[in-house]
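Novice:
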Amino acid sequence: MAAAAPRILLCGDARGRLAQLFKRVSSVNKSAGPFDALLCVGQFFPDAPEQLEEFNDYVEGRSKIPIPTYFIGDYGIAAPKTLGAAAKDSANLGFKMDGLKVCENLYWLRGSGKFLLDGLSVAYLSGRQSANSQQFGTYSQDDIDSLRALIEEPGIVDVFLTNEWPIGVTNGAASSGIPSGMDLSVGDSNISELVAEIKPRYHIAGSAGVYYDREPYANIGAVHVTRFIALGPVGNKDKQKFIHALSPTPASKMSASELCTKPPNTTLSPYSLEKEIGSGNGATKRSGESVSDSQYWRYDVSKRQKHGDGAGDRLCFKFVSSGSCQRGDKCHFRHDEDAREQSLRGVCFEFLNKGKCERGPDCTYKHELKEEGKALSGKQSGSGTGSLNRSKECWFCLSSPNLESHLITSIGEHCYCALAKGPLVQDHVLIIPIEHLPNTLSLPPECEKDLSKLRGSLQACFKRQGKEVVFFEWVSKRGTHANLQVVPIPTSKASSVEQIFNLAAKKLGFTFATLKNDNYMEARKSLGMHLNRNQSLFYVEVPGGTILSHAVEENENFPFQFGREVLAGLLNMADKADWRNCQLSKDEEAEMAEKFKRQFKEYDPNT
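For the sequence shown, our numbering assigns the number 448 to the initial residue and increments by one for each residue that follows.
1) Please say whether Tyr658 and Leu678 have beta carbons closer to each other than 7 Å?
2) According to DSSP, Gly560 sits in a beta bridge with which residue or residues?
3) For Glu644, count neighbouring Cβ atoms within 10 angstroms of its own Cβ and tell me buried if that reaches 16, exposed if not.
4) Tell me, to the nearest whole angstrom, how far the beta carbon of Phe492 is from that of Gly523; I am working on the premise that it is less than 8 Å.
5) According to DSSP, is Trp612 helix, strand or coil?
6) Determine the closest residue to Thr617 out of Ser568, Val633, Val604 and Asn610, with distance taken between C-alpha atoms.
7) For a test of the three-state rule: what should DSSP assign to Glu915, helix, strand or coil?
8) With H, G and I counted as helix, E and B as strand and the rest as coil, what does DSSP make of Glu644?
9) In this structure, does DSSP put Arg674 in helix, strand or coil?
10) If you check the beta carbons only, do His861 and Ile878 fall under 7 Å apart?
11) What does the Cβ neighbour count give for Thr406, buried or exposed, with the cut at 16 atoms within 10 Å?
12) Starting from the C-beta of Ser857, find all residues in its chain whose C-beta is less than 6 Å away, skip the five residues before and the five after it, and write them out in chain order.
13) In angstroms, rounded to a whole number, what distance separates the CA positions of Cys707 and Ala525?
14) Could you give the first and the last residue of the continuous beta strand (DSSP E) run that contains Gln596?
15) For a test of the three-state rule: what should DSSP assign to Ser983, helix, strand or coil?
16) Assuming Glu1036 and His853 make a contact with CB atoms under 8 Å, what is their CB distance in whole Å?
17) Would you say the stretch 948 to 957 touches the stretch 928 to 938, given that touching needs at least three Cβ pairs under 8 Å?
18) Count the C-beta pairs between the stretch 607 to 614 and the stretch 685 to 705 that are closer than 8 Å, then say yes if the count reaches three, no if not.
19) Could you tell me how far apart the beta carbons of His814 and Cys844 are, in whole angstroms, since I believe they sit closer than 8 Å?
20) Could you give the residue range of the beta strand (DSSP E) that holds Ile879?
21) Put Asp897 into one of helix, strand or coil per three-state DSSP.
22) What's the gap between the Cα of Leu1082 and the Cα of Gly793?
23) May I ask you to report which of helix, strand or coil DSSP gives Val738?
24) For Pro527, which residues in the same chain have their Cβ closer than 6 Å to its Cβ, ignoring the five residues on either side in sequence?
25) Let me know the secondary structure DSSP gives Val933 once reduced to three states.
26) If you compare alpha carbons, which of Ile625, Leu950, Asn1028 and Cys841 is closest to Val1013?
27) Would you mind giving the Cβ-Cβ distance between Ser636 and Ile614, rounded to the nearest angstrom? I have them listed as a contact below 8 Å.
28) Near Asn476, which residues of its chain fall below 7 Å by C-beta distance, leaving aside the five closest residues on each side in sequence?
29) Can you grab the Cα-Cα spacing for the pair Cys894 / Asn886, in whole Å?
30) Quick check: the Cα distance between Asn1067 and Ala532, rounded to an integer number of angstroms?
31) For Asp460, does the three-state DSSP call read helix, strand or coil?
32) For Ala669 versus Lys700, is the C-beta distance shorter than 7 Å?
33) Which residues bound the beta strand (DSSP E) around Leu962?
34) When you compare each of Ser943, Ser983, Val989 and Arg980 to Lys963 by their alpha carbons, which one comes out closest?
35) Please classify His997 as buried or exposed, where buried requires at least 16 neighbouring CB atoms within 10 angstroms.
36) Which residue wins for smallest C-alpha separation from Ala596, given the options Gly775, Asp785, Leu1018 and Glu1000?
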C-alpha cells in the first residue's frame, strides 16, 4: 500500500497575529487533519508594539504552537531580537536549510535553500528585495545565486515559497479570476526569473493582501504545470482567504504520465516572453534549451564580471554548505575544501567569500579563520583524519579512560575492530592496532597478520551481503594512533570506485600513484617501504585490489576527510561527508554494534 501523501497548510502574512492563526490551524487540524506542517509566507512578525505580548507568548513558550510551522517573512517588529537570538543558538550554527529553530514547533527558513519536508521538495527565498543591506528581512544576491546552484540538482521542486509576488504572473490568466483593483505592476522581477528557472509544481506567495489561485500554467522545458497561489493576511477585514490546505504527492513518487497531466484550463507560461516580465526589449519566446543556456551567465565568471559583479574568484555556496555541487566541473564558482572546513567551524560564508561581511558585528557567524587543531575533534570518527593534535588521552588505546568501548566489535591479540563514530554507512568499520602505532603500513609482522585476518573476514562477511569493500587510511606525519577505514559499498558501485577517486584527485591537482599486486601483503609492504616519515600519506585499496596512494606535500591543501568525502559522493550521501553530521546517541551506537557482532560472528577470527 502506497504511503499517504503529506498534508500541509499554507498561510499568508501572519503579522504577529499568532493566537488567531493557531486557533484556526487547530480547528482545521481537528476537523480535516491531521496536517504535517504549516508553511507561512509574507510578513510573520507584528506591525505594532501592542501585538508583541501575544507574539512573545508563543515564541517564549507560554502558548503552544500546534504543528511544525515554517516561515520566511523575517521582518516586522521584534524580528531582529527574536531572530538574532535564534541565530546565536549553538544548535543553529552552520548551514541549516531545513530551518533554524526559534522555539518548539517554530522554524525560520533563513536566506534561501531547499530541503525535504515529508518527502516534498521545498525551495524558498526568505525576506524581500531591498536596496539596503540588512541582517534580517531582505535577501541578497548571494541568496539568489545559492538558490540557483541548489536547483541545478536533479529532481522537481514541489513547493516554492516567496514573500512577494513575481512580476507578470497574471499574464495570460483569465481576467475574471484576477483580484479586482489589483495593481498588476506590483511584484519582484528576481522572483519572476527564479520561478521560471525553478519550475515548481506550486508557487506560494503573500504580501499583496489578497487571495489569488491562478490557473495552472505550462512550463518551458518541463512536462509538469505550475500552480501559483497567493494568500491574504491573517484576520484581514476583507475576508480574503489566508489559509489553504494541500496534499500533493511528491513529484519523486509520481509516474511520468501523472506529471504530464495538464488540466483543461492550463495556460501558457506567464514568463514565456521577455517583454511579459518587464524587460521591454522585444525578445521573442525562447525554447526550453535556450532559456537554460541563457542562465549560464550566472555561473560564468567572465560573463558575471561583465555584469559589474567582479566575482572572478567567488566560492560556490552549494559546495561550501553541503560538500558537493551537482554542476561539478561546469560550475564556475570555486570548490574550495579549506572554505568548506572553515564553514563547518561556523565561519561566515560572506567573510570567506569576500574577506568581509556587510553585517559586521551583527552577524552571528565567525569573522576569523579557525585553526584546525583547535576546531576539530580527534574522536574515533569515520573521517580518516585521526587526531589533528595528539590528545593527552588517545581515543583508540584500550587503556584510555576515554575509549568508547561500546563500539568495539572484535578484539584480537594485536588488532581490534570497532564501528566508526558517525558512520558513513551502517557497517562502517575501523581496524585498529592495539599498540599505539602511527600507521598500519609499518606494523610488526604479528600485528600485520592480525590485521590481514580481520580484513579477509570483513570482506567475506560483506560479500555475503552483496557488497564490496573499500579500505583507506590517512597516515599523518604527526603520528596519531593508526586506524584503517573499512567501508562496504553495493557491488553495483564497485567498478566506479577507482574512477571516482582518480577524478577527485584530478580536481585537486594531483595524480595517484597506482600499485597493483595480486599479493595484498606484498603490496602493503611495498607501500610501507616508500613511506616518508616527514610527509603525510593517503592511500585507498579499491575493489579488485588496486592501491592508489598520494604523498601529501608540506604546504599542500589536502582535505582532511578526502576518502570519506569521495565515497559519500559515490553513494549519493553528500550530507554524510562529515562524520559530525552522522553522530548517534550512545544507545543507538551500542545497538548498532550488537547487530554487527551478530552478523559478523561466524566470520570473526577472534571468536
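Backbone N, C-alpha and C fix where the C-beta goes; we use that ideal spot for every residue, glycine too.
Specialist: Let's see:
1) Here residue 678 refers to the residue found at position 231 of the sequence shown. Here residue 658 refers to the residue found at position 211 of the sequence shown. Their beta carbons are under 7 Å apart, which means Leu678 touches Tyr658 by this criterion.
2) The residue you call residue 560 lines up with position 113 of the sequence shown. In DSSP, Gly560 forms a bridge with Tyr571.
3) Here the question's residue 644 lines up with position 197 in the sequence shown. It is buried - the Cβ of Glu644 has at least 16 other Cβ atoms within 10 Å.
4) By one-based count along the sequence shown, residue 492 stands at place 45. By one-based count along the sequence shown, residue 523 stands at place 76. Phe492 to Gly523, Cβ: 3 Å. Contact.
5) Here residue 612 refers to the residue found at position 165 when the sequence shown is read from its first residue. Coil, per DSSP.
6) Numbered from its first residue, the sequence shown carries residue 617 at position 170. If we check each option's Cα against that of Thr617, Val633 comes out closest.
7) Walking along the sequence shown from the start, residue 915 turns up at place 468. The answer is strand: DSSP assigns Glu915 an E or B state.
8) Residue 644 sits at position 197 when you count from the first residue of the sequence shown. Glu644 falls in the helix class under three-state DSSP.
9) Here the question's residue 674 lines up with position 227 in the sequence shown. Arg674 falls in the strand class under three-state DSSP.
10) In the sequence shown, counting from the first residue as 1, residue 861 sits at position 414. In the sequence shown, counting from the first residue as 1, residue 878 sits at position 431. In this structure, Ile878 does not lie closer than 7 Å to His861 by Cβ.
11) The shown model of the chain, from 448 to 1054, leaves out residue 406, and the question about it has no answer.
12) Looking up residue 857 in the sequence shown gives position 410. So the list reads Cys864, Asp1051 and Asn1053, once near-sequence residues are dropped.
13) As a working note, residue 707 is residue 260 in the sequence shown. As a working note, residue 525 is residue 78 in the sequence shown. Approximately 45 Å, taken between the alpha carbons.
14) As a first step, residue 596 must be located in the sequence shown, where it is residue number 149. Before going on, a small fix: residue 596 reads as Ala here, not Gln. Premise fails: Ala596 lies in the alpha helix (DSSP H), Gln588 to Leu597, not in any beta strand (DSSP E).
15) Indexing the sequence shown from 1 puts residue 983 at position 536. In the structure shown, Ser983 sits in a strand (DSSP, three-state: E or B).
16) By one-based count along the sequence shown, residue 1036 stands at place 589. By one-based count along the sequence shown, residue 853 stands at place 406. So it is a contact: roughly 6 Å between Cβ atoms.
17) no
18) no
19) Your numbering for residue 814 matches position 367 in the sequence shown. Your numbering for residue 844 matches position 397 in the sequence shown. Not a contact, Cβ separation roughly 38 Å.
20) Stepping through the sequence shown from its first residue, residue 879 is reached at position 432. Unbroken beta strand (DSSP E) run through Ile879: Val876 to Pro880.
21) Sequence index remark: in the sequence shown, residue 897 carries index 450 (1-based). Residue state, collapsed to three classes: helix.
22) Given a span of 448 to 1054 for the chain in the structure shown, any question on residue 1082 remains unanswerable.
23) One-based indexing of the sequence shown puts residue 738 at position 291. Note that Val738 scores a pLDDT of 29, beneath 50, so its modelled location is shaky; the value from the coordinates is reported in the next line. Note: Val738 maps to helix in three-state DSSP.
24) Numbered from its first residue, the sequence shown carries residue 527 at position 80. Phe583, listed in sequence order.
25) If you number the sequence shown from 1, residue 933 lands on position 486. Reduced to three states, the DSSP call for Val933 is strand.
26) For the purposes of this step, residue 1013 is taken as residue 566 along the sequence shown, with counting starting at 1. Of Ile625, Leu950, Asn1028 and Cys841, the residue nearest in Cα terms is Leu950.
27) The residue labelled residue 636 in the question sits at position 189 within the sequence shown. The residue labelled residue 614 in the question sits at position 167 within the sequence shown. Right, their Cβ atoms sit about 5 Å apart.
28) Indexing the sequence shown from 1 puts residue 476 at position 29. Cβ within range, chain order: Phe482, Pro513 and Ile514.
29) On the sequence shown, position 447 is the one that residue 894 refers to. On the sequence shown, position 439 is the one that residue 886 refers to. Approximately 12 Å, taken between the alpha carbons.
30) Given that the chain is displayed from residue 448 to residue 1054, the structure contains no residue 1067 and the question cannot be resolved.
31) For this step, residue 460 is matched to residue 13 along the sequence shown. Correct three-state label for Asp460: coil.
32) Taking the first residue of the sequence shown as 1, we reach residue 669 at position 222. Taking the first residue of the sequence shown as 1, we reach residue 700 at position 253. No; because the gap between Cβ atoms is not below 7 Å, this pair is not in contact.
33) The residue labelled residue 962 in the question sits at position 515 within the sequence shown. Leu962 -> beta strand (DSSP E) spans Ala960 to Leu962.
34) Residue numbering aside, residue 963 sits at position 516 when the sequence shown is read from its first letter. Among Ser943, Ser983, Val989 and Arg980, the Cα nearest to that of Lys963 belongs to Val989.
35) As a working mapping, residue 997 is identified with position 550 in the sequence shown. With 16 or more other Cβ atoms within 10 Å, it is buried.
36) As a working note, residue 596 is residue 149 in the sequence shown. Comparing Cα-Cα distances from Ala596 to each of Gly775, Asp785, Leu1018 and Glu1000, the minimum goes to Gly775.
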